[in-house]
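Let me begin by presenting the structure, written as structure tokens, before commenting on it.
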Amino acid sequence: MRRWLGAFLVSTGSIAAAGAGVLLLGEFYNLSAVRQHPAWVYGAIALGRDAVIALDSSGIDLPDGFTPIATPQNAAMFQDNCARCHGAPGLPPEDFALAMLPVPTNPVDMAMNRSPEQIYRFVSEGLKMSGMPAWQQRMTEDEMWDVTALVEALPDLSPAEYQALLASAPQPRPEPAAPTSLDADPDRAPLLMQQYACRSCHIIPGLVGRKVHVGPSLERAGSRRYIAGVLPNTPENMIRWIMDPQKVDPLSAMPNLDVSRDVAADMAAYLFRLSPPELHERDEAP
Amino acid sequence: MRTPLLFSLALSFCQPPGQLSQDETARAQALIRAHGCWSCHTVPGMAGPAPNTGPPLTGQAEKAYVAGVAPNTLDMLTAFILDPQAIDPRSAMPDLGLSGDEAQLIARYLLAHGGT
Numbered sequence: 014m015r016r017w018l019g020a021f022l023v024s025t026g027s028i029a030a031a032g033a034g035v036l037l038l039g040e041f042y043n044l045s046a047v048r049q050h051p052a053w054v055y056g057a058i059a060l061g062r063d064a065v066i067a068l069d070s071s072g073i074d075l076p077d078g079f080t081p082i083a084t085p086q087n088a089a090m091f092q093d094n095c096a097r098c099h100g101a102p103g104l105p106p107e108d109f110a111l112a113m114l115p116v117p118t119n120p121v122d123m124a125m126n127r128s129p130e131q132i133y134r135f136v137s138e139g140l141k142m143s144g145m146p147a148w149q150q151r152m153t154e155d156e157m158w159d160v161t162a163l164v165e166a167l168p169d170l171s172p173a174e175y176q177a178l179l180a181s182a183p184q185p186r187p188e189p190a191a192p193t194s195l196d197a198d199p200d201r202a203p204l205l206m207q208q209y210a211c212r213s214c215h216i217i218p219g220l221v222g223r224k225v226h227v228g229p230s231l232e233r234a235g236s237r238r239y240i241a242g243v244l245p246n247t248p249e250n251m252i253r254w255i256m257d258p259q260k261v262d263p264l265s266a267m268p269n270l271d272v273s274r275d276v277a278a279d280m281a282a283y284l285f286r287l288s289p290p291e292l293h294e295r296d297e298a299p
Numbered sequence: 392m393r394t395p396l397l398f399s400l401a402l403s404f405c406q407p408p409g410q411l412s413q414d415e416t417a418r419a420q421a422l423i424r425a426h427g428c429w430s431c432h433t434v435p436g437m438a439g440p441a442p443n444t445g446p447p448l449t450g451q452a453e454k455a456y457v458a459g460v461a462p463n464t465l466d467m468l469t470a471f472i473l474d475p476q477a478i479d480p481r482s483a484m485p486d487l488g489l490s491g492d493e494a495q496l497i498a499r500y501l502l503a504h505g506g507t
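Here it is, written out as structure tokens:
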């Protein structure tokens with residue numbers, strides 16, 4: 014019994030000491046974006062990232078006939094969505110992205126070091142705590158493969174050729190489309206609400222985040238009599254609200270987040286499942 | 392001698408600045424009852440059926456906005472309780488005919504009562 018206790022104390026003690034060592038030597042306590050990790054910590058994180066990405070992307074199949082190719086369309090798609098952070102041949106990222114940590118990878122470097130499956134995996138799911146967003150709600154699967162094909166084609170493209178493609182891109186520029194689905198499914202909603210940043214303003218049961226009160230908690234929004242205090246609560250009105258709050262109430266602090274009808278329907282179904290609509294007679298004012 | 396002094400000093404720091412006297416609290420609760428606020432809202436410090444016509448008034452001090460449209464200050468909260476449509480013409484909350492002082496007392500009550 015005593016031996017067990019001793020072994021337990023020694024092992025937890027050394028784990029704690031190792032943890033403290035990594036925290037201090039790795040400068041994890043320093044959260045500023047002007048202090049890099051020491052090289053060995055950066056190396057360890059990159060090793061972990063690459064192992065996980067290799068595993069993740071092993072389940073992805075290339076679509077039939079996939080080839081690296083640059084067209085005016087996919088170059089424009091890359092320029093408008095990705096080059097903001099990553100830059101493009103001969104073109105800089107936007108000013109703010111220069112000071113991100115980690116600094117967004119140069120896209121030619123991506124192509125030289127990553128398989129198409131891995132690029133697709135980054136585009137579709139993003140990379141936690143790096144600033145790389147997930148695009149699966151911003152682009153269709155085909156569009157994500159088109160962008161992947163462009164990235165893989167970049168090493169063979171001169172800056173002048175890239176910019177010539179952009180110049181010949183169709184006007185107005187093609188906008189990426191959100192994927193569509195047929196039936197409302199509340200099970201999809203937590204992921205969607207996360208992907209549309211609802212949690213940055215609302216507390217939502219089922220999603221993790223800070224204690225925020227910019228918008229009301231959505232715990233009982235499904236059974237509230239009025240949506241945002243102005244619109245009778247029906248499934249159709251809930252979808253309308255989520256799609257365009259300021260069309261319902263021009264004074265509202267909730268912005269239009271460009272949510273498609275399908276996605277709003279999933280979110281509404283989730284809110285009604287959290288808190289089913291009640292009969293309201295007894296709440297009537299006296 | 393020092394200890395009770397320090398203790399009461401510490402206590403006074405624990406109280407939020409807008410703390411109401413016992414008398415004010417009783418008057419605010421009486422107004423809330425008389426005007427039926429709690430038939431539409433969950434009201435902090437008053438047990439009731441948790442109606443859900445309007446949003447809960449619990450944790451009012453933590454909210455960023457009054458009714459989702461105006462910065463949450465004492466003045467704005469008072470103005471909304473006094474005349475909701477003056478703040479948001481589309482608001483479904485009725486004007487309950489309070490006086491300015493009554494509305495302000497209720498607003499102070501709500502801001503002082505954080506939890507449920």
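Each protein sequence line maps, in turn, to chains A and B. Residue numbers for the first sequence follow my numbering, so the first one is 14 and each next one is one higher. Residue numbers for the second sequence follow my numbering, so the first one is 392 and each next one is one higher. Note that beta-carbon positions come from the ideal geometry of N, C-alpha and C, so glycine has one too. Predicted model only: the values in this text are computed from it and were never measured.
Note down, in chain order, every chain B residue with its Cβ under 8 Å from the Cβ of residue i.
i: A:E249; result: None at all; the shortest Cβ gap to chain B is about 17 Å.
i: A:M267; result: G459
i: A:H226; result: G450, E453, K454, A455
i: A:R233; result: N443, P447
Report the rounded CA-to-CA distance for residue i versus residue j, giving the unit in angstroms.
i: A:M125; j: A:A166; result: 10 Å
i: A:E291; j: A:A89; result: 49 Å
i: B:D486; j: B:Q476; result: 8 Å
i: A:G222; j: A:N269; result: 21 Å
i: B:G450; j: A:A234; result: 16 Å
i: B:S482; j: A:V243; result: 5 Å
i: B:L468; j: B:L496; result: 11 Å
i: B:A515; j: B:W429; result: Residue numbering for chain B in the displayed model covers 392 to 507; residue 515 of chain B lies beyond these limits and cannot be assessed.
i: B:F471; j: B:A498; result: 9 Å
i: A:S27; j: A:Q208; result: 39 Å
i: B:T464; j: B:L489; result: 19 Å
i: A:I252; j: A:L264; result: 19 Å
i: B:A461; j: B:P480; result: 12 Å
i: B:D539; j: B:A419; result: In this structure chain B extends from 392 to 507, so residue 539 of chain B is not present and cannot be described.
i: A:P248; j: A:L284; result: 10 Å
i: B:S403; j: A:P229; result: For B:S403, the pLDDT reaches just 45, beneath the cut-off of 50, and the residue's location in the model is therefore unreliable, leaving the point undetermined.
i: A:P289; j: A:L205; result: 20 Å
i: A:F79; j: A:R97; result: 26 Å
i: A:V227; j: A:C214; result: 5 Å
i: A:M113; j: A:N43; result: 15 Å
Is the beta carbon of residue i less than 8 Å from the beta carbon of residue j?
i: A:M267; j: B:G459; result: yes
i: A:F41; j: A:V47; result: no
i: A:D93; j: A:P199; result: no
i: A:A241; j: A:D262; result: yes
i: A:P85; j: A:L178; result: yes
i: A:I217; j: A:E130; result: no
i: A:P102; j: A:Y175; result: yes
i: A:L170; j: A:E232; result: no
i: A:D275; j: A:T193; result: yes
i: B:P435; j: B:L448; result: yes
i: A:V121; j: A:P168; result: yes
i: B:Q410; j: B:A503; result: yes
Would you check whether the ligand GDP has a heavy atom nearer than 7 Å to the C-beta of residue i?
i: A:L287; result: Among the components modelled here there is no ligand, and therefore nothing to report on the ligand GDP.
Report the neighbours of residue i on chain A: residues whose CB is nearer than 7 Å to its CB, in chain order.
i: B:S482; result: G242, V243
Run down chain A in chain order and give the residues with a C-beta less than 8 Å from the C-beta of residue i.
i: B:L446; result: Before going on, a small fix: residue 446 of chain B reads as Pro here, not Leu. By Cβ distance, chain A contributes P229, R237, G242.
Which chain B residues sit within Cβ distance under 7 Å of residue i?
i: A:L264; result: V460, D479
i: A:E138; result: Chain B residues near A:E138: none, gap ~31 Å exceeds 7 Å.
Excluding sequence positions up to five away, which residues of its chain have a Cβ less than 6 Å from the Cβ of residue i?
i: A:E138; result: A147
i: A:V54; result: G39
i: B:M392; result: With a pLDDT of only 46 at B:M392, under 50, the local geometry of the prediction cannot be trusted, and no value is derived from it.
i: A:P189; result: R151, M152, E156
i: B:A501; result: Rather than Ala, the amino acid found at residue 501 of chain B in this sequence is Leu. Same-chain partners within the cutoff: L448, Q451.
For residue i, which three-state DSSP category applies?
i: A:V243; result: coil
i: A:L195; result: coil
i: A:I268; result: In the sequence under discussion, the amino acid at residue 268 of chain A is Pro, which differs from the Ile named in the question. It is coil, neither helix nor strand.
i: B:Y456; result: strand
i: A:L22; result: helix
i: B:L411; result: coil
i: A:M145; result: strand
i: B:P480; result: coil
i: A:A177; result: helix
Can you give me the Cβ contacts of residue i inside the same chain, cut-off strictly under 7 Å, excluding the 5 residues immediately before and after it?
i: A:K123; result: Lys is not the amino acid found at residue 123 of chain A; the sequence shown has Met there. Correct list, in chain order: I132, V164.
i: B:G445; result: C431, H432, M484
i: A:C219; result: Per the sequence shown, the amino acid found at residue 219 of chain A is Gly instead of Cys. Cβ neighbours of A:G219 beyond the five flanking positions: P203.
i: A:I255; result: V272, A277, M280, A281
i: A:N87; result: D159, V160, A162, L163
i: A:Q259; result: S265, N269
i: A:P187; result: Q86, A89, M90
For residue i, go through chain B and note every residue whose CB falls closer than 9 Å to its CB, in chain order.
i: A:E291; result: N443
Using C-beta distances below 8 Å, list every residue in its chain close to residue i, excluding the 5 sequence neighbours before and after it, in chain order.
i: A:P51; result: L38, G39, E40
i: A:Y239; result: P245, N246
i: A:A210; result: L270
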